[in-house]
Structure formats: structure tokens, C-alpha cells
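Q: Attaching a single structure in C-alpha cells format; questions to follow.
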Amino acid sequence: GENVEQHPSTLSVQEGDSAVIKCTYSDSASNYFPWYKQELGKRPQLIIDIRSNVGEKKDQRIAVTLNKTAKHFSLHITETQPEDSAVYFCAASMAAGNKLTFGGGTRVLVKP
Amino acid sequence: EAEVAQSPRYKITEKSQAVAFWCDPISGHATLYWYRQILGQGPELLVQFQDESVVDDSQLPKDRFSAERLKGVDSTLKIQPAELGDSAMYLCASSGKTGLLKETQYFGPGTRLLVL
Numbered sequence: 170g171e172n173v174e175q176h177p178s179t180l181s182v183q184e185g186d187s188a189v190i191k192c193t194y195s196d197s198a199s200n201y202f203p204w205y206k207q208e209l210g211k212r213p214q215l216i217i218d219i220r221s222n223v224g225e226k227k228d229q230r231i232a233v234t235l236n237k238t239a240k241h242f243s244l245h246i247t248e249t250q251p252e253d254s255a256v257y258f259c260a261a262s263m264a265a266g267n268k269l270t271f272g273g274g275t276r277v278l279v280k281p
Numbered sequence: 006e007a008e009v010a011q012s013p014r015y016k017i018t019e020k021s022q023a024v025a026f027w028c029d030p031i032s033g034h035a036t037l038y039w040y041r042q043i044l045g046q047g048p049e050l051l052v053q054f055q056d057e058s059v060v061d062d063s064q065l066p067k068d069r070f071s072a073e074r075l076k077g078v079d080s081t082l083k084i085q086p087a088e089l090g091d092s093a094m095y096l097c098a099s100s101g102k103t104g105l106l107k108e109t110q111y112f113g114p115g116t117r118l119l120v121l
């Protein structure tokens with residue numbers, strides 16, 4: 170089955186700096202890669218997703234890149250703000266609506 | 006904005022007792038998922054329904070866990086008997102379709118279970 174590795178497990182950045190989280194996956198059949206943000210005690214919330222026919226996608230301060238050949242994808246957050254502090258999860262599946270396999274999560278702390 | 010609903014939000018029980026969790030997906034979403042999230046880890050799928058049918062329960066410990074979605078809308082996840090290792094957050098998610106394109110999964114607030 171699919172296996173998703175996520176790094177780093179914790180990330181501390183200064184407000185205004187960029188944050189980058191990297192994930193690798195094992196199943197070349199995976200075609201859909203969402204990112205979820207989970208604040209303490211709250212539900213995971215989708216922040217951005219990318220499908221395999223696209224190499225990069227941006228939404229304001231958030232961007233995701235995908236390298237299907239190398240089987241890795243990354244989340245980039247620019248101009249970080251204290252409210253970006255949370256745990257971020259990457260995931261992979263064959264298609265949106267299919268079973269998601271999650272990475273272990275990255276705890277991001279943005280220091281004012 | 007429509008959201009997935011879950012209840013209870015918190016549940017404390019003693020080992021060997023039975024517990025049940027309820028989920029109401031976003032209206033119109035045919036696919037419903039139950040995930041278990043152990044503290045400090047990512048969610049892991051327990052069971053996936055398409056309407057009232059189970060499409061994936063390969064990771065569901067069937068000796069003690071059961072799930073149903075009788076009318077293809079809301080769903081119940083049951084654990085009997087509960088064990089200490091079942092302490093976790095139980096997340097429900099749902100997804101729909103836009104035309105032929107499946108949509109991503111939206112999560113409920115979860116039920117945090119503590120087994121003593």
C-alpha cells in the first residue's frame with residue numbers, strides 16, 4: 170500500500186519568513202495530493218491540493234509543488250504569520266474521494 | 006458553509022465497555038469515511054462507505070469495531086469492547102462529486118475517546 174513520509178516533524182520560523190514542508194510517497198499510482206492544517210483540538214482543514222497533471226499550484230501565500238518522477242511534493246508558506254502556527258499534514262491518494270494516506274505531520278511554530 | 010457533524014465531541018469510558026460515535030456528512034455527499042488519529046500522528050482510514058455500502062474496511066479491527074450507514078446518510082461507528090489502545094481521536098469525513106469529478110474530503114470536528 171501507499172506510504173507517505175513527511176519532514177520535518179517540527180519547524181520553527183520567524184514571522185515573515187518562509188516555511189517549507191516536504192513529503193515523499195511510494196505508490197506511483199497516486200494522483201491526488203492534498204494538504205491539511207489542523208489547529209489544536211480542531212478538525213483538519215484543507216488548505217490546498219494538487220493533482221498529478223499539474224506541477225505547481227498557488228493560493229495567496231501558499232503554494233504546492235509536485236515532482237511525480239521523484240515522487241515528492243512540497244508545501245511552501247511565504248510571509249508567515251502567527252496564525253499559521255498549527256500542525257500540517259500532507260496526504261496522497263489515487264484520486265480525490267479515494268482513501269487518503271497521511272504523512273506524520275509537521276508542527277509549525279511562527280514566532281512573532 | 007455546510008460542515009460534517011459528529012457527536013459526542015468527547016467520550017470517556019472504561020475498558021471492556023461499549024462506545025458509539027455518530028457522524029452526519031455534508032448534505033448530498035455519497036462517500037463517508039471514518040479515520041482514527043492517534044495523538045501526534047496522521048489520521049488512518051478505518052472504513053469508507055459509498056452510499057450505504059462498505060468499499061474499504063481493510064484496516065478496521067472487525068473483532069471489536071463495527072460501522073454502519075443504513076440509509077446512506079449518517080453513520081455510526083461502534084467499539085465493543087473498548088481497549089486502552091483505542092484512545093484516540095475518531096474523525097469522520099465526507100466527499101461528493103462535481104459532475105464526474107470526485108471532490109476532496111471534508112472532516113468533522115472528531116470525537117476524542119479516552120479509555121481508562
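Order-wise, the sequence lines are chains A and B. Residue 170 is where the first sequence starts when you use the numbering used here, and the numbers rise one by one after that. Residue 6 is where the second sequence starts when you use the numbering used here, and the numbers rise one by one after that. Ideal Cβ placement from N, Cα and C applies to all residues, glycine included. For clarity, every value in this text was computed on a predicted model and none was experimentally measured.
Could you name the residues of the same chain whose beta carbon sits closer than 6 Å to that of tryptophan 27 of chain B, not counting the 5 residues immediately before and after it, in chain order?
A: Ser12, Thr81
Q: Short of 6 Å in beta carbon distance, which residues of its chain neighbour serine 21 of chain B, apart from the five on each side in sequence? Order them along the chain.
A: Pro86
Q: From tyrosine 257 of chain A to serine 63 of chain B, what does the alpha carbon distance come to, in whole angstroms?
A: 26 Å
Q: Indicate whether alanine 35 of chain B and glutamine 55 of chain B have their beta-carbon atoms separated by less than 8 Å.
A: yes
Q: Return helix, strand or coil for glutamate 184 of chain A, following the three-state DSSP convention.
A: In the three-state reduction of the DSSP assignment, glutamate 184 of chain A falls in the coil class, being assigned neither a helical nor a strand state.
Q: Is it buried or exposed, valine 233 of chain A, if we count other Cβ atoms within 10 angstroms and call 16 or more buried?
A: Valine 233 of chain A should be labelled buried.
Q: Report the rounded CA-to-CA distance for valine 182 of chain A versus glutamine 175 of chain A, giving the unit in angstroms.
A: 18 Å
Q: Using the Cα positions of glutamine 229 of chain A and glutamine 250 of chain A, report the straight-line distance between them to the nearest angstrom.
A: 13 Å
Q: For asparagine 236 of chain A, list the residues DSSP reports as bridge partners.
A: For asparagine 236 of chain A, which the question treats as bridged, DSSP gives the partners A:His241.
Q: Can you pull out the residues from the region 218-252 of chain A whose beta carbon lies closer than 7 Å to at least one beta carbon of chain B?
A: Asp218
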